[in-house]
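Taking the working numbering, the leading residue of the sequence shown gets 77, the next gets one more, and so forth.
Notes follow the structure.
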Amino acid sequence: MKNHKNLARWVRRIAVLTLAILALAAIVMAWLPKPVPVDSAKVELGELTITVDEDGRTRVKDRYTVSAPIAGNVARIELKPGVEVESKQVLARIVPVSSPLLDPRSKQQAEAQVLVASAAQRQARAQIDRAEAALEYAKKQVTTRKALVSQGASPQAELDRQELELRSRKAELTSAKFGAKVADHELGMARAALGQVSGGKKDSQQLDVTSPIAGRVLKLIQESEGVVQAGSPLVELGDPQALEIVIDVLTSDAVQIKPGAPVRVVAWGGPDLKGHVRQIEPSAFTKLSALGVEEQRVNAVIDLDEPYEKWKALMDGYRVEAKIIVFQAQSVLKVPASALFRKGDSWAVFSISDGKAQLREVSVGRSNGLETEITGGLEAGATVIPHPSDRVTDGASVLAR
């Protein structure tokens with residue numbers, strides 16, 4: 077009996093001691109600092125792409141405004157916007173206004189217009205010759221470059237650049253031929269106007285104003301019947317398949333954009349489209365931002381590289397968004413931009429090592445706002461903390477979520 081009592085006494089003592097130890101451990105654990113829960117990301121080698129993102133508008137490249145060659149009464153124009161027209165199709169009919177007092181002066185003006193139109197025609201033909209020569213040179217360059225690439229003596233990127241140049245030269249020749257057609261039409265209209273004011277035709281005989289090109293009516297400027305002056309715009313024509321995109325960018329971004337830079341056209345209502353920068357216009361302009369701040373901007377003109385069937389729903393003046401690629405490289409050591417913060421004049425990150433936050437100063441390179449190139453201070457495979465809170469300090473215990 078006595079042994080049983082002693083055993084019970086020892087069991088109670090052990091239980092009390094165990095509870096005391098557990099209570100003490102709980103108190104100690106409660107006072108110990110808890111690891112700070114954090115997000116984590118890997119430092120990795122990968123592709124880094126930097127773009128200039130802006131919105132813009134589509135624009136028909138080669139557009140032509142048909143104007144009245146003489147003063148007179150124009151009949152109602154029955155065409156509608158979007159209607160296709162053929163070359164030399166009659167667009168409007170004008171009955172000249174009889175004005176004897178102005179005949180000598182009108183004749184001089186008409187003769188001068190014939191001279192101007194004739195000079196423009198010669199210039200347009202010279203532009204065709206230059207465009208054809210440039211196209212032939214571009215073709216030879218592509219042929220030579222293909223041979224070098226096949227022999228491994230030239231990189232593929234150079235061939236891509238030459239092929240882009242070839243496409244640009246083809247587009248220039250198309251525009252030059254368009255200009256020549258317009259110049260021929262202008263000369264014909266000027267001669268017809270001269271014949272009217274010279275008295276070679278009766279005053280009551282109407283003058284047919286024809287289309288210089290095969291295209292589509294973009295805008296009907298003079299729809300109703302009425303009196304028009306010489307030079308008054310009547311109809312605006314263009315070829316919707318010859319479409320370009322005009323993006324206004326900050327001048328500070330424009331200096332990074334080179335002709336030929338690849339472009340992705342997005343948010344236009346269809347699948348993403350590929351294109352390239354044809355040119356940066358030489359003159360900038362001032363524009364108010366949404367916040368009312370004056371900005372210096374300049375237009376970047378973009379050509380689409382996709383076939384017409386992919387973007388035929390796009391018309392003149394449609395809004396699009398463009399991502400112009402100004403830098404793209406593979407095997408770049410990068411981290412999330414949100415992991416970086418300033419430490420004095422330097423950049424720093426918190427890395428995770430053995431459950432502890434470690435403050436590390438780093439050297440940075442290019443950034444696209446989401447990812448930043450690391451040029452020193454970190455190695456691939458390291459773990460960093462994006463968006464570190466004020467609870468994260470050097471040496472603090474952290475727990476990756």
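The beta carbon of each residue, even a glycine, is placed where N, CA and C say it ideally should be.
Owing to the predicted nature of the structure, the values given are computational and were not obtained by experimental measurement.
Burial state of residue i, where buried means 16 or more other Cβ atoms lie within 10 Å
| i | result |
| --- | --- |
| Asp131 | exposed |
| Leu98 | exposed |
| Leu177 | Residue placement at Leu177 is flagged as unreliable, the pLDDT there being 43, under the threshold of 50; a coordinate-derived value is accordingly withheld. |
| Met391 | exposed |
| Asp205 | exposed |
| Asp430 | exposed |
| Arg152 | exposed |
| Gln372 | exposed |
| Glu447 | buried |
| Trp344 | buried |
| Phe417 | exposed |
| Glu157 | Here residue 157 turns out to be Pro, not Glu, going by the sequence shown. So Pro157 counts as exposed. |
| Gly291 | buried |
| Lys278 | The predicted model places Lys278 with a pLDDT of 48, which falls under 50 and marks its position as unreliable; any figure quoted below should be read in that light. With fewer than 16 Cβ atoms within 10 Å of its Cβ, Lys278 is classed as exposed. |
Reference residue i, options the options, closest by Cα
| i | options | result |
| --- | --- | --- |
| Lys432 | Ser287, Lys110, Tyr394 and Leu380 | Lys110 |
| Gly445 | Asp129, Val87 and Glu120 | Asp129 |
| Ala337 | Gln197, Glu299, Ile170 and Lys399 | Lys399 |
| Ala193 | Arg152, Pro231, Ser422 and Leu263 | Leu263 |
| Val411 | Ala456, Ala207, Asp329 and Ala202 | Ala456 |
| Thr459 | Leu409, Arg198 and Phe254 | Leu409 |
| Gly393 | Gly255, Lys295 and Val119 | Lys295 |
| Met265 | Gln197, Glu299, Ala207 and Ser251 | Gln197 |
| Ser244 | Phe426, Ala101 and His352 | His352 |
| Gly255 | Ile356, Pro231, Ser443 and Ala207 | Ala207 |
| Ser407 | Ala144, Ile450, Glu234 and Leu155 | Ile450 |
| Leu235 | Val218, Leu249, Thr250 and Ser251 | Val218 |
| Leu326 | Ser308, Pro335 and Ser365 | Ser365 |
| Leu240 | Tyr140, Asp381 and Arg133 | Asp381 |
| Pro462 | Ala252, Val150, Val114 and Ala96 | Val114 |
| Ile170 | Val190, Gln281 and Ala252 | Gln281 |
Whole-angstrom C-beta distance between residue j and residue i, which should lie under 8 Å
| i | j | result |
| --- | --- | --- |
| Ala405 | Leu121 | Not quite, the Cβ-Cβ distance comes to about 11 Å (not below 8 Å), so this is no contact. |
| Asp348 | Val136 | The Cβ separation is near 22 Å, so there is no contact. |
| Leu319 | Leu167 | Wrong, their Cβ atoms sit about 22 Å apart, outside the cutoff. |
| Val304 | Ala188 | Contact doesn't hold; Cβ gap of about 20 Å is too wide. |
| Val159 | Leu313 | That pair is no contact at about 10 Å. |
| Arg436 | Gly453 | 6 Å |
| Val112 | Leu475 | 7 Å |
| Ala330 | Val374 | 5 Å |
| Ser116 | Ile333 | Rounded, the Cβ-Cβ distance is 36 Å, inconsistent with contact. |
| Ala247 | Ile323 | The pair is not a contact, with the Cβ atoms about 18 Å apart (cut-off 8 Å). |
| Ser230 | Arg221 | 6 Å |
For residue i: DSSP bridge partner residues
| i | result |
| --- | --- |
| Lys419 | Ser422 |
| Ser473 | Lys432 |
| Tyr140 | Leu313 |
| Thr448 | Val411 and Ser443 |
| Thr134 | Ile321 |
| Leu121 | Leu409 |
| Gly148 | Pro172 and Val304 |
| Gly351 | Val339 and Leu380 |
| Lys399 | Asp129 and Arg340 |
| Phe361 | Arg373 |
Within-8 Å CB hit, residue i to chain E
| i | result |
| --- | --- |
| Gly291 | Here there is only one protein chain, and chain E is not present. |
ask   = Touching or not, the region 213-224 and the region 250-269, by the rule of three or more beta carbon pairs under 8 Å?
value = In the pairwise beta carbon analysis, the region 213-224 is classified as not touching the region 250-269: fewer than three pairs are separated by under 8 Å.
ask   = If you pair each beta-carbon of the region 360-368 with each one of the region 384-396, do three or more pairs fall below 8 Å?
value = With contact defined as three or more Cβ pairs closer than 8 Å, the region 360-368 and the region 384-396 are not in contact.
query = Touch check for the region 279-292 and the region 217-226: three-plus C-beta pairs under 8 Å?
reply = Cβ pair count under 8 Å is below three, so no.
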